[in-house]
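Undergrad: I'd like to ask some things about the structure below.
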Amino acid sequence: MTRSFFVTAEWLAEHLSDNAVQVIDARMLPPGQELVRDITAEYLAKHLPDAPFFDIEALSDHTSPFPHMLPRAERFAVAMRELGINSDRHLVVYDEGNLFSAPRAWWMLRQFGAEQVSILAGGLKGWEAAQLPLVSGPVSLPEAEFDASFDPDVVLRLTDVLLLSHEGGAQIVDARAANRFRGEVDEPRPGLRRGRIPGSLNVPWNDLVENGELKSEDALRAIFRQQGVNLAGPIVASCGSGVTAVVVMLALSSLGVQQVRLYDGSWGEWGSRDDLPVALG
-10 MTRSFFVTAE WLAEHLSDNA VQVIDARMLP PGQELVRDIT AEYLAKHLPD APFFDIEALS
50 DHTSPFPHML PRAERFAVAM RELGINSDRH LVVYDEGNLF SAPRAWWMLR QFGAEQVSIL
110 AGGLKGWEAA QLPLVSGPVS LPEAEFDASF DPDVVLRLTD VLLLSHEGGA QIVDARAANR
170 FRGEVDEPRP GLRRGRIPGS LNVPWNDLVE NGELKSEDAL RAIFRQQGVN LAGPIVASCG
230 SGVTAVVVML ALSSLGVQQV RLYDGSWGEW GSRDDLPVAL G
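Structure, rendered in structure tokens:
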């Protein structure tokens, strides 16, 4: 399998002091857990040395009523400079070790202009298991250089997805759990309807993950094939809020699939609308 998207804990430990390498903490809580956990406090309690906190929620577009929507390129660039993140370095992002949020940070950084971005295989959990160094407290880095650009064609809007749902032209792949996709349980975010976008396919994101990295190429291909996804055709990834959809995008990219775009609004947008069609069962 093409592992160019990942680096191992051993590799990072060897290169941690390299000026060309920069580590970024991109931990994020699944919806609902913010009621019982404080991810900022957890970050301050322990993180990799010199790793600033890439807070996906804080870095989202807060003018939108939907969660985790992408910010404008200019705002993202300013935030990266203030965090001390340089776009010309080899950026290594990590999460708790479940591959839940690091792919979203990986994708954001790449789409906004960073050329070399990797994910730490195994995340924080794997780093700890290897008994590698951790520190506590805030990280304050000098202001950095980050030149942002963004291709809007990599993200689809609701009207685009509605047209695809009606007329085809691309496969819509939903990364939520199967029981949410089928509308059997309530959404973790209040106020959203149950169900899925009509015509969409279901590839739960955590089916693609093992020990904080992607499963083997053969396993990934088998999962997509079983769920009816044609890897030769264009694909639009969706989920609850545009975060775990990127796990699907990462898996597809690792298999060499090129025509993959994100519906950033995802079910957080679609499920909030009473005037849109919903499929159940």
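For what it's worth, my numbering labels the leading residue of the sequence shown as -10, then goes sequentially.
C-beta: ideal position from N, C-alpha, C; glycine also.
(1) Hey, how far is the Cα of L203 from the Cα of L197?
(2) With DSSP as the reference, identify every bridge partner of Y83, one or two as the case may be.
(3) Going by C-alpha distance, which of L113, W96, G112 is nearest L105?
(4) Please tell me whether R16 and V144 are closer than 8 Å, where the distance is taken between their beta carbons.
(5) For E46, collect the residues of the same chain with a Cβ closer than 8 Å to its Cβ; drop the 5 residues on either side in sequence, then sort them by chain order.
(6) Figure out for me which residue from N195, A68, L88, G231 has the closest Cα to the Cα of E132.
(7) Just the C-alpha distance for R178 and G257, rounded to the nearest angstrom, thanks.
(8) In the DSSP assignment, what residue or residues form a beta bridge with Y252?
(9) Using the C-alpha atoms, what's the distance from N200 back to E(-1)?
(10) When you compare the stretch 148 to 166 with the stretch 76 to 87, are there three or more beta-carbon pairs, one atom per stretch, that lie closer than 8 Å?
(11) Identify whether N219 lies in helix, strand or coil by the three-state DSSP scheme.
(12) Grab me the residues of R183's own chain with a C-beta within less than 6 Å of its C-beta, minus the 5 sequence neighbours each way, in chain order.
(13) Is it buried or exposed, T(-9), if we count other Cβ atoms within 10 angstroms and call 16 or more buried?
(14) Rounding to the nearest angstrom, what Cα-Cα distance links D50 and R61 in this structure?
(15) Identify the continuous beta strand (DSSP E) that holds A226 and give its terminal residues.
TA: In terms of the structure at hand:
(1) Residue 203 sits at position 214 when you count from the first residue of the sequence shown. Residue 197 sits at position 208 when you count from the first residue of the sequence shown. If you take the alpha carbons of L203 and L197, they lie about 6 Å apart.
(2) Residue mapping note: residue 83 aligns to position 94 of the sequence shown, counting from 1. According to DSSP, which records beta bridges pairwise, Y83 is partnered with D14.
(3) To locate residue 105, count along the sequence shown from 1; it is residue 116. Rather than Leu, the amino acid found at residue 105 in this sequence is Gln. Closest by alpha carbon: W96.
(4) Taking the first residue of the sequence shown as position 1, residue 16 is located at position 27. Taking the first residue of the sequence shown as position 1, residue 144 is located at position 155. No. Outside cutoff.
(5) Locating residue 46 in the sequence shown gives position 57, counting from the first residue. M17, P56, H57.
(6) Locating residue 132 in the sequence shown gives position 143, where the first residue counts as 1. The option with the nearest alpha carbon to E132 is A68.
(7) Taking the sequence shown and counting its residues from 1, the one referred to as residue 178 is at position 189. Taking the sequence shown and counting its residues from 1, the one referred to as residue 257 is at position 268. If you take the alpha carbons of R178 and G257, they lie about 8 Å apart.
(8) Counting from one through the sequence shown, the residue named residue 252 turns up at place 263. Paired residues: L145.
(9) Taking the sequence shown and counting its residues from 1, the one referred to as residue -1 is at position 10. Taking the sequence shown and counting its residues from 1, the one referred to as residue 200 is at position 211. Roughly 15 Å separates the two Cα atoms.
(10) no
(11) Sequence index remark: in the sequence shown, residue 219 carries index 230 (1-based). Three-state DSSP puts N219 in coil, outside helix and strand.
(12) Here residue 183 corresponds to residue number 194 of the sequence shown, with the count starting at 1. Within the same chain, R183 has close Cβ partners G172.
(13) Start at 1 with the first residue of the sequence shown, and residue -9 comes out as number 2. Residue placement at T(-9) is flagged as unreliable, the pLDDT there being 42, under the threshold of 50; a coordinate-derived value is accordingly withheld.
(14) Looking up residue 50 in the sequence shown gives position 61. Looking up residue 61 in the sequence shown gives position 72. Roughly 7 Å separates the two Cα atoms.
(15) Here residue 226 is taken as the residue at index 237 of the sequence shown, counted from 1. 224 to 227 is the extent of the beta strand (DSSP E) around A226.
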